[in-house]
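Asker:
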Amino acid sequence: MLSEAGPALTAQRAGRTRPARRVLPWVEGTALVVALVVPFALGERTDLVTLATNVAILSLLAISFDLCWGLSGIMSFGQALFFGVAGYVIALVGRDLAFSQLWAMLPLAMLVGLALAGLFAAFLLLGRKAPTTIFVALGTLTGSYAAERLVSGWQYVGAGNGLSSVKLLQLGTYEFVEGTAFYFLALIVLVLVYLGARFLKQSQLGLVLAGMRQNEERLAFFGYRVQLFKALVFSLAGMVAGLGGALYSYHQGFIGPGNMGPGLSTTAVIYCLFGGSGTLIGPVLGTVAVEVLTYVLADIDAIKRIWPVILGLVLLAVVMFQPKGFLGLLVSDRERIGSYGRRRPGGS
Amino acid sequence: MSIEVKLAFDVLAFISVMVLIVLGLGIIASMMGIFNFAHGEFVLLGAYTVYLFESFGLSAWAGIVAAPVVLALIGLVLERLVIRRFYAAPIIAMLGTYAIGLVIREIVRGLLGGHYKSISEPIAGVITVFGVDFSAWRTVIVLTTVTIVAGTWLFLARTSVGLQVRGSLENPNLARACGISTTTLYAWTFAFGAALAGLAGALIVPLYQLSADIGTRFLVQAFLSVMLGGVGTFEGPVLGAAAVGGMAAGLPWLVIPVLADPLVFVIALIIVKLRPQGFITQGRL
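Read top to bottom, the protein sequences are chains A and B. For the first sequence, the numbering used here assigns the number 1 to the initial residue and increments by one for each residue that follows. For the second sequence, the numbering used here assigns the number 349 to the initial residue and increments by one for each residue that follows.
(1) What would DSSP say about B/Asp481, mapped onto helix, strand or coil?
(2) Could you please give the first and the last residue of the uninterrupted alpha helix (DSSP H) stretch that includes A/Leu207?
(3) When you compare the CB of B/Pro451 with every CB in chain A, is at least one pair closer than 7 Å?
(4) Kindly list the residues whose CB is nearer than 7 Å to the CB of A/Gly78, restricted to its own chain and excluding five residues on each side of it in sequence; keep chain order.
(5) Drop a sphere of 10 angstroms on the beta-carbon of B/Ala616, count the other beta-carbons inside from all chains shown, and report buried for 16 or more, exposed for fewer.
(6) If I follow the unbroken alpha helix (DSSP H) through A/Leu171, where does it start and stop?
(7) Can you confirm whether the segment 51-66 of chain A touches the segment 241-253 of chain A when touching is taken to mean that 3 or more C-beta pairs between the two stretches lie within less than 8 Å?
(8) In the DSSP assignment, what residue or residues form a beta bridge with A/Val174?
(9) In the structure shown, what three-state DSSP assignment does B/Lys354 receive?
(10) Please name the residue, chosen from A/Ala268, A/Tyr295, A/Pro257 and A/Ala302, that lies closest to A/Gln155 on a Cα-to-Cα basis.
(11) Using DSSP bridges, identify the partner residues of B/Val474.
(12) Excluding the five sequence neighbours on either side, which residues of its own chain have a C-beta within less than 6 Å of the C-beta of B/Ile363, listed in chain order?
(13) Can you pull the chain E neighbours of B/Pro585, defined as C-beta to C-beta under 9 Å?
(14) Against chain B, which members of the segment 148-164 of chain A pass a CB distance test of less than 7 Å?
(15) For A/Gly238, would you say it is in contact with chain B, using Cβ-to-Cβ distances shorter than 7 Å as the test?
(16) For B/Val620 and B/Leu572, what's the separation of their Cα atoms in angstroms?
(17) Determine, using beta carbons only, whether A/Thr287 comes closer than 7 Å to chain B.
(18) Could you have a look at A/Lys230 and say whether DSSP puts it in helix, strand or coil?
(19) Going by C-alpha distance, which of B/Ala548, B/Pro600 and B/Ala570 is nearest B/Pro416?
(20) Using CA atoms only, rank isn't needed, just tell me which of A/Leu125, A/Arg305, A/Ile337 and A/Val23 is closest to A/Ser277.
(21) So what's A/Lys304 in DSSP terms, helix, strand or just coil?
(22) Can you give, in chain order, each stretch of the beta strand (DSSP E) that sits fully within the segment 478-545 of chain B and has at least 3 residues?
(23) Using a Cβ-Cβ cutoff of 8 Å, what residues of the segment 299-320 of chain A are near chain B? List them in chain order.
(24) Does the count of Cβ pairs from the segment 105-116 of chain A and the segment 39-46 of chain A closer than 8 Å reach three?
(25) Output, in chain order, the set of chain B residues within a Cβ distance shorter than 9 Å of A/Pro131.
(26) Compute the distance between the beta-carbons of A/Leu349 and A/Ser72, then report whether it is under 7 Å.
(27) Counting only Cβ pairs nearer than 7 Å, list the residues of chain B close to A/Ala353.
(28) By how many angstroms is the C-alpha of B/Leu576 removed from the C-alpha of A/Leu124?
(29) Flag B/Asp481 as yes if its beta-carbon sits less than 7 Å from any beta-carbon of chain A, otherwise no.
(30) For a contact meaning CB atoms closer than 7 Å, what does B/Arg433 contact in chain A?
(31) Under 8 Å: do the segment 314-322 of chain A and the segment 299-306 of chain A share three or more Cβ pairs, one atom per stretch?
(32) Is the number of C-beta pairs between the segment 594-609 of chain B and the segment 367-384 of chain B that are closer than 8 Å three or more?
(33) DSSP beta-bridge partners for B/Leu558?
(34) Taking 7 Å as the threshold (beta carbon to beta carbon), is A/Met75 in contact with chain B?
(35) Could you tell me if B/Arg428 is buried or exposed, where buried requires 16 or more neighbouring beta carbons within 10 angstroms of its beta carbon?
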């Protein structure tokens, strides 16, 4: 299936004649331009550059969740697990081996995320009987929760205090400290991951995933090994989360049990649902909206205290009335779900 | 000798707490197929009711009696406004109930001001039987749990309303065709589940300090209990809660505590993976 993705995609590019206006590329383009301009516009406000970097890193987590839920319909309440574990591994390598070269550590983080998510996928998704969605959702939640509890009692990894003063990320002798350089590093990673996820979504594999979301049984009758596809995407999502976790660990200089628990996992869910799941750019915008609002409102005491309540109410409203997220207001269903393969004349 | 008895009693008391919490969750999950993420917050609200009664100088007993009533009302309102939109979509229901839970938890956190409040046991002291001391309040919890489980079972198995509930569970369409209003039944089932959670919260709050996270600490274990026992049965979740509760209370004596805690989850998850239909498949509710 994967090998067919390439040629089919080129065919799509060549034969594309589209009458309808497309909104998503505009949203994506605007977001990219804004992201490129932001550090220069902020200039002196280093705290805001730090915030922007944080948003870019958390966007990776949001994309990771969107790969699971928006693309392949796996409700994962445990994306933070891969985020946190990769962050811990990075911090431990920095502490015990005094090594933090970018060219080795980011691939290592990806590998950790990929392997761990692969193990989880093998356990939760594969097997003689197809698992229920509830089992997968609760399984990921449990994994995340159990890992948080394990780490918060384990002295070697700092127990409840987590690992602080993580060794700075290095490229050669250059050290990435908080600031514009780190922002652009995070942005480059984010853009690469985004392009990869976008390619995945529009490839033939993405088409299979869209079919699975619609009617899993029918796809299975066509001969697709549905669970295998899910496991593949889940592993890739874990890889993305691991990358995010490593960057987070380096950027904050800290990683703690809370960074792998259900708290952060569900925050990823919130990012994604706010923005609009399945659009990839939606979760990124959701992250921006939630994090920036949280930062701004933290200065206002009256709102700061009820902010989590507002967040919960908005989430409830989104789930009940606007399941497509806020991006769903702008983007048509057809575009949200995507277009795949060759467009037939007269057909859709 | 007395150490073993005490240990067994501690395990039994914790199992009772788990059963109390899981019973409501299991009934809602069986009936509507909804895994209620706000269940932990219902437990919290039950505990908070007792705290409110105490802080107004009323008897804690009145709070314990009032908690299920208050939670039943809250459950009814929530079911009418929100939950009934989710019956067809279990995953969306998870997200929706999570959002409800988040709202409740953060409101209570704001009201408590982030502090821990300790509630004294309404019956303090110990009961001495054959020279072994048992905590009086834990004994009350064990006895209440047994009463509640037996009462719920009798209600479901012996009354005509219970028959309607079982019928709607078995085949909702046929139940509707027979003139049973499943929407009303679902509303009351949800209220009943919420009431059980409220009672659980009211009873356990003297054992654990009241904080906004009192309910969430049991939530994952409670979900696993329901999965372990089998959704759609009455005995299943109770047995599952007994298994998970027994493991959670007993394992720290066998392996180092750091490992015991996550190990409970791992073991439970593996059992669910190997036996996804749960312990009980015969004689569905």
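Each residue gets a CB set at the ideal place from its N, CA and C atoms; glycine is no exception.
Answerer: Well, looking at it:
(1) strand
(2) Gln204 to Gln214
(3) Pro is not the amino acid found at residue 451 of chain B; the sequence shown has Val there. Yes, contact with chain A.
(4) Thr140, Leu141, Gly143, Ser144 and Ser265
(5) buried
(6) Looking at the DSSP string, A/Leu171 is not in any alpha helix (DSSP H); the run it does join, the beta strand (DSSP E), is Leu169 to Leu171.
(7) yes
(8) In the sequence as displayed, the identity of residue 174 of chain A is Tyr instead of Val. A/Tyr174 is bridged to A/Leu171.
(9) helix
(10) A/Pro257
(11) B/Ser483
(12) Ala590, Gly593 and Gly594
(13) The structure shown contains no chain E; its protein chains are A and B.
(14) Arg149, Leu150, Gly153 and Trp154
(15) no
(16) 8 Å
(17) no
(18) helix
(19) B/Ala548
(20) A/Ile337
(21) helix
(22) 480-483
(23) Arg305, Ile306, Pro308, Val309, Leu311, Gly312, Leu313, Leu315, Leu316, Val319 and Met320
(24) no
(25) Lys621 and Pro624
(26) This structure cannot settle anything about residue 349 of chain A, because the visible part of chain A is limited to 1 through 348.
(27) Nothing about residue 353 of chain A can be read from this structure; chain A reaches only from 1 to 348.
(28) 15 Å
(29) no
(30) Met320
(31) no
(32) no
(33) B/Lys465
(34) yes
(35) exposed
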